[in-house]
Each structure stands twice: as C-alpha cells, then as structure tokens.
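Sequences listed follow chains A and B, in order.
The opening position of the first sequence corresponds to residue 27 in our numbering, with each subsequent residue numbered one higher.
The opening position of the second sequence corresponds to residue 891 in our numbering, with each subsequent residue numbered one higher.
The beta carbon of each residue, even a glycine, is placed where N, CA and C say it ideally should be.
Just so we're clear, the structure is a prediction, and the values are computed from it rather than from any experiment.
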Amino acid sequence: MPDSVVFFFIQVLNGVQYGLLLFLVASGLTLVFGIMGIINLAHGSFYMIGAYLTYALTEATGQLWLAILLALPIAIVLGLALETILIRPLYRRDHLYQVLLTYGLILALEECRSLLFGDDVHGVAVPAIFDYSIPLTGALSYPVYRLVLSGVCLALAGAMWLVVQKTRLGMAIRAGYSNREMAASLGIDIGMLYRLVFAAGVALAAFAGMIAVPIASVFPGMGNQILIVSFVVVVIGGIGSIKGAFVSSLLIGLADTFGQVYAPAIAGMSVYVLMAAVLLWRPEGLFGRRA
Amino acid sequence: MRISIELAVLLAVLAGLIAFAFGAERFYLQLFSKIMILAIFAMSLDLLVGYTGLVSFGHAAFYGLGAYTLWALSPETAAASFYLSLPASMAVAAVAALAIGLLVLRSSGVYFIMVTLAFSQMFFYFAQRSKSLGGSDGVYVNVRPDPTVLGFTPFNLGRPQQFYLVVLALMVLTYVLLRYVNASLFGRVLVGIKSNEARMRSLGFATYRYKLAAFVLAGALAGLAGYLDAAQFGFVNPGLFGWQLSGEVLMMVILGGMGTLHGPILGAFALVLIQDLFSDATKHWLLPMGIFIILAVLALPHGIAPWLKRFSPRAD
C-alpha cells in the first residue's frame, strides 16, 4: 500500500481513538443531563481530576495500573460528596443556576489543582508492555497503547450498553429518563438512582482522564477543553441518548482529526461547523427526542 | 411613589459615578471603565436571557467583532475617526447577529445555548488561525480613536478620566435605550415570548422576527462594548471571542438578576470587584471566587437585584 493510504488509515484510527475517549466523558454528561436534568459544567473537571490523580499516584507508586486502581475510588468518592453537598439542592432549580454553580465549581477545582500540583505540564510514560509500535510501512508505524486505549473504551461502551439494555438497573435508568414522576411512583428510588448515575458519570470521565494521561499528558485547562467538545457531542447526539453520544463522539473524533491534518488553516473549527450543520438539519440532535 | 424612589436611587448612583471620575486614582478609573464596559455587554445579553428567554452562551462573538472592527479601521500609526469607527463596529456586529440569528433562532432551550457557543467558537478558531488577524498573539490598536470634529476635540480617549466619562455616558445611554425598548410594545412582546411563545404566536405575533430583532439589537450593543474594550486596552486577541468571556458575562447577568437592567450592572460590578479583591489577596484568587459563586447560588435564589429589592419600601 502506498504511504498516503496508510497515512489516511492511521488518521482514521486516531480519529476513532479520540472519539472513543470523548464518548467516555460525553456519555456521563448526557446521562446526568438526560436523567437528572442537571447541566454539569464541572463534568470536565472530573476528567482533569482523574488525570492529575493518576499522574501523582504514578509518580508515587511507579505503576500506571496501580495508580488508576487507587485513583478511581478517590474520584468517585469526591464526585459523590459534591453531588450530596452541591448538586442535590439544584434539582428543582432553573438550568441557569445549575450553570452558574457548576461554573463556580470549575473555578474552585481548577485552583485546587493549581495549589496541589502547580501549573506545569507533566507526562506519564506509557507502561512498558505497551510501549512499542506496530510497523506499517518503511516510515510509518502505529503505537500499540492507542489501540489498547481504544479497546478498553470499546469494552466499556459495550458494558454500558449491556447494563442499560439488559439489566434491572438499566430498566430503572431508562424509566427515570422517560418519566421521572412515573418511575418514582412505581417504587424506584429516584434519589438512589440519581446518585448511581452521577457516580457512574464521574467514574467514566475520571477514567477517561486516567487512561489518556500517557498520550495526552496533564496540563491546566485540560478539563475545560474536553468539556466544551463533550457538550458538542451531547448536543449533536441528542440529549440523554447514549447511542447518540456514541455515534456523535466518533463523528467529532474523525472531524477533528481530519480537520487538523487536511485543513490546518481552519482546524478546530471543523467540530463546530459539523455541529451547526447537524443542528440546522435536526434541531433536536441525531437521536434526541423532540422537545 | 415607587417610581420617584427608583429615580432618586438611580440619580444618586449616577451622581456618585460622576463624582468618582474627579476623586479616584487612575487605577480605579481604569478598573471602573472596564467594569462599565462589561456592564454594557451584560445588559445587552440580559435583553436576550432575562427578557426574551434566549440563553446565549456565545455572546462574546459580537464583543470580539466590535473589537476587531476597530482594529481593522485603525491605520497603523494614526487614529480612526471615533464617529465612523464606533457605528461601524456596531453595524458589523449587528449584521453578523442578523446572519447568525437567522440560523440559531431555529433552535431553542439547551440546544440554543450550544449552537450559539458553536458560532462563537468558530470565530475564535478563525481569529486564532488567521495570520492576517494576528493569530493567537492578537493585534494592537496603536492610536486610540479620535473624536475631533471640525477642528474641535471634545474629549481625549487616551486620558483615563475622560475615557471613564465617555464609557459612563454610553452605559447610561444603553440603560435608557433598553429601558425604553423594554417598556415599548416590542419589549412587552419579548417578555411574552419568554413566558409562553406559543401563546404569543397564537395572538398573531411573528415571534421569530421579534426574537431576531432582539438578537440583532443585543449583538450591536455587545459590539459597542467590544469596541470600547479595544479602545481602552489597545489590544485585541482571539480570547475576546472565547467561551470564557461568554460564560463570565452570563454569570454577571444571572448573579446580578435576570430581567432587570440594573441587575447586570450590579453583576458586573460585583464580579469584577470581588475578582479584584481576591486577586490582590492571593495568587489563587479563583478558589475564593468559585466558592463565592457557589455560595451566592445557594443563598440568593434569584440574584442580587431581587434580593436588594427586599430592602426597598413596598408599593402595595
């Protein structure tokens, strides 16, 4: 195969990998919004927290996997604490106040990050067993870690589909999504369901941050960067739709990657052009229900 | 009775702000000018958010356009005419608002929040990538706009005190204009759209056109604020299109109190002054700032303005 075809193929892989990572963050965002009715601007901060915890714990333990294992419960406990103290009073409030409070939360968390870890960019090495590349042609090769990352994301997406579609818990989640009051009157503990959904969202976003560290490094503002793109994903896919989040994550991943490579002059715009186009065609998103 | 008390308070505040121009140090004049520019910006957004019910998360697009227009009209080493460049900045922002409004007003609710964000982000990335617009480094307006007419120079924008007074005058004008607009039939229709658009439509109002007109007016006023920003600092960069600025001004509107005109002004003063206070005290001022915003949401369910109102004598 000529190099240009292989190069194209590599970009597809990169786009899919970025898209799958986005999906982990966006699926939590879309669930929290669709089921709990909460616009959580601080969702990206959990991605950042996951990444920084992993960086710090890898420095301390020397093992990426051990660090992830330790960091995940910390992130979940933090998420649950914030849900209890700050998010719960917001359930019945206007979306605007949710935006305002979680914006304040972004500022506070970002500054805590600065106090604890400083403002420098840090990296974490790829674990030794995955630290090699598959040669494709004379000049081009593909790093194995990226493939592993995509595989893990896909497995998680599959597990999510199973839980939501095939289990009793998933049934409760879907019931909560289609009609909150009805679900509550059928005996589903809505408060508990909310806590579970929020914790799952936090865990997914933090985990995405953790596995992204070896390829993306940790840097100030990383949470906000992924937050904005995740919102685009949620809106294109249709709010509350996991299937929509999956499809649009991949679309956005590919659009962004190809934008960077083939149209660097307008790179960064491609994602938003795509979003504007989709919303003008289908104002409720690809898989959203009509408002 | 109510109206005269309100008028008295407004005039007292205005007198205070004018007196401030002659008593305050240079630093505070510049700080207050910046705040009042943001207050104009916040009032323009409130026309959308508080009156029409259109929550725009991309209002900075028009702020940035106003600023970049002043740069485009300013020669390298000479001043642009104040009387040409200011209306031109507002016109460019208004035309852009018309074009964008035609598209984004097809959506509503959370989707509207995101589409407006998308458009402002497009401007952001365009400015950041475009070499002729200076890229991410930004560009400089070397000479401030010149208000000389027929050999007579009424004020000099380079002097902080005079700049402050010009901004104050424009803020008051914006306030009066928007009060007038909101009291008119047009303004009442906007409020009707906020509370129930379907009903307004069935009453025979072409709501889309009303929303579009509001969007264009808000865009033009945001362009004015952006113009003043560029004139004050002489520096224009893609951050003026950024979502952080859109978010910040939205915070001013919500924190101050939506659907009132003094609310956004209060919000601008509160947010920037608190920011200034905290950043004097610590390098990590965002932490107390964030906590302050969180506590404000939990403690003041409807913003500062309705809270202050509780202390005013009741008309009933």
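Just reading off the alpha helix (DSSP H) that tyrosine 220(A) is part of, what are its end residues? That run of the alpha helix (DSSP H) goes 216-242.
Can you pull the chain A neighbours of tryptophan 1197(B), defined as C-beta to C-beta under 7 Å? Per Cβ cutoff of 7 Å: no residues; tryptophan 1197(B) is ~14 Å from chain A at best.
Less than 9 Å between the beta carbons of serine 267(A) and phenylalanine 313(A), yes or no? Note that the C-beta distance between serine 267(A) and phenylalanine 313(A) is below 9 Å.
Is alanine 1104(B) close to chain A, meaning its C-beta is less than 9 Å from at least one C-beta of that chain? Chain A, which has no Cβ nearer than 9 Å to the Cβ of alanine 1104(B), makes this no.
Assuming serine 919(B) and tyrosine 1054(B) form a contact by the criterion Cβ under 8 Å, report the distance between their Cβ atoms to the nearest whole angstrom. In the sequence as displayed, the identity of residue 919(B) is leucine instead of serine. Right, the Cβ-Cβ distance comes to about 5 Å (below 8 Å), so this counts as a contact.
Please name the residue, chosen from Met27(A), Ile36(A), Ala52(A), Gln37(A), that lies closest to serine 274(A) on a Cα-to-Cα basis. Taking only the C-alpha atoms, the option nearest serine 274(A) is Ala52(A).
Tell me where the beta strand (DSSP E) around proline 161(A) begins and ends. Membership of proline 161(A) in the beta strand (DSSP E) is indicated by the continuous run 159-161.
In this structure, what does DSSP give as the bridge partners for histidine 148(A)? In DSSP, histidine 148(A) forms a bridge with Val244(A).
Using only the alpha-carbon positions, how far apart do valine 150(A) and glutamine 251(A) sit? Roughly 20 Å between the two C-alpha positions.
Suppose only complete runs of 4+ residues qualify. What are the alpha helix (DSSP H) ranges in the stretch 117-205 of chain A, listed by chain order? Runs of the alpha helix (DSSP H) lying entirely within the stretch 117-205 of chain A, each at least 4 residues long, are 121-143, 170-192, 194-204 in chain order.
What does the alpha-carbon distance come out to for the pair valine 1056(B) and glycine 1048(B)? Between valine 1056(B) and glycine 1048(B), the C-alpha separation is close to 11 Å.
Buried or exposed (CB count within 10 angstroms, at least 16 for buried), arginine 172(A): It is buried - the Cβ of arginine 172(A) has at least 16 other Cβ atoms within 10 Å.
Does DSSP classify valine 1126(B) as helix, strand or coil? In the structure shown, valine 1126(B) sits in a strand (DSSP, three-state: E or B).
Assuming contact is defined by CB atoms lying nearer than 9 Å, are isoleucine 1184(B) and glycine 227(A) in contact in what I supplied? For the 9 Å CB-CB criterion, isoleucine 1184(B) and glycine 227(A) do not form a contact.
Own chain residues within Cβ distance below 6 Å of alanine 1108(B), not counting five before or after: Close CB contacts of alanine 1108(B) within its chain, under the 6 Å cut and outside five residues either way in sequence, are with Ser934, Leu937, Leu938 (chain order).
Using a C-beta to C-beta distance shorter than 9 Å, which residues of chain A count as neighbours of valine 945(B)? Those within 9 Å of valine 945(B) in chain A are His121, Leu122, Val125.
What are the residues of the stretch 259-273 of chain A that lie near chain B, defined by any Cβ-Cβ distance shorter than 7 Å? If the cut-off is 7 Å between Cβ atoms, the stretch 259-273 of chain A has Val261, Ile265 near chain B.
When we look at the beta-carbon of isoleucine 64(A) and count the other beta-carbons within 10 Å, is it buried (16 or more) or exposed? Buried.
Using a Cβ-Cβ cutoff of less than 6 Å, which residues in the same chain neighbour isoleucine 1155(B) once the five nearest sequence positions on both sides are dropped? Here the set comprises Ala929.
Are the CB atoms of valine 297(A) and aspartate 19(A) within a distance shorter than 9 Å? Because residue 19(A) is not part of the residues shown, which for chain A are 27 to 317, the question remains open.
Chain B residues whose Cβ lies nearer than 7 Å to that of alanine 281(A): The contacting residues do not exist; alanine 281(A) stays about 13 Å from chain B at best.
Reduced DSSP category for valine 1207(B) - H, G, I as helix; E, B as strand; rest coil: Here chain B covers residues 891 to 1206 and nothing more, so residue 1207(B) does not appear.
Can you tell me which of Pro965(B), Leu974(B), Val1029(B), Glu966(B) puts its alpha carbon nearest to the alpha carbon of leucine 1114(B)? When each option's Cα is compared against that of leucine 1114(B), the closest is Leu974(B).
Does any C-beta atom of chain B lie closer than 9 Å to the C-beta of alanine 291(A)? Alanine 291(A) counts as touching chain B.
For my contact list, alanine 231(A) and glycine 54(A) are in at a C-beta cut-off of 8 Å; report their separation, rounded to the angstrom. Confirmed, Cβ separation roughly 5 Å.
In chain order, what residues of the same chain lie with their CB nearer than 6 Å to the CB of methionine 1090(B), ignoring the 5 residues before and after it? Apart from sequence neighbours up to five positions away, the residues of its chain that approach methionine 1090(B) with a beta-carbon distance below 6 Å are Gly1082, Ile1083, Thr1097, ordered along the chain.
Give a yes or no on whether the C-beta atoms belonging to valine 1079(B) and phenylalanine 1095(B) are separated by under 9 Å. In contact: valine 1079(B) and phenylalanine 1095(B) (Cβ atoms closer than 9 Å).
Residues of chain A with CB closer than 9 Å to the CB of tyrosine 1001(B), please, in chain order. Within chain A, the residues whose beta carbon sits less than 9 Å from that of tyrosine 1001(B) are Val261, Ile265, Leu305, Pro309, Glu310, Gly311, Gly314, Ala317, listed in sequence order.
Boundaries of the alpha helix (DSSP H) in which valine 32(A) is found, first to last residue: Judged by DSSP secondary structure, valine 32(A) falls within the alpha helix (DSSP H) whose first and last residues are 29-62.
Roughly how many angstroms separate the alpha carbons of proline 115(A) and leucine 1188(B), rounded to a whole number? The straight-line gap from Cα to Cα measures roughly 8 Å.
Contact with chain A by tyrosine 1015(B), beta-carbon distance below 9 Å: Answer yes: the Cβ-Cβ gap between tyrosine 1015(B) and chain A drops below 9 Å somewhere.
Check this for me: beta carbons of leucine 1102(B) and methionine 926(B), under 9 Å apart or not? No; because the gap between Cβ atoms is not below 9 Å, this pair is not in contact.
When burial is assigned at 16 or more other CB atoms within 10 Å of the CB, is glutamate 1138(B) buried or exposed? Flag for glutamate 1138(B) reads buried.
By DSSP's criteria, serine 971(B) is part of a beta bridge. Which residues make up the other side? BP columns for serine 971(B) point to Asp1036(B).
In whole angstroms, what separates the C-alpha of leucine 1135(B) from that of methionine 1141(B)? If you draw a straight line from the Cα of leucine 1135(B) to the Cα of methionine 1141(B), it comes to about 10 Å.
Complete alpha helix (DSSP H) runs within the stretch 917-956 of chain B (minimum length 4 residues, chain order): Qualifying alpha helix (DSSP H) stretches: none in this window.
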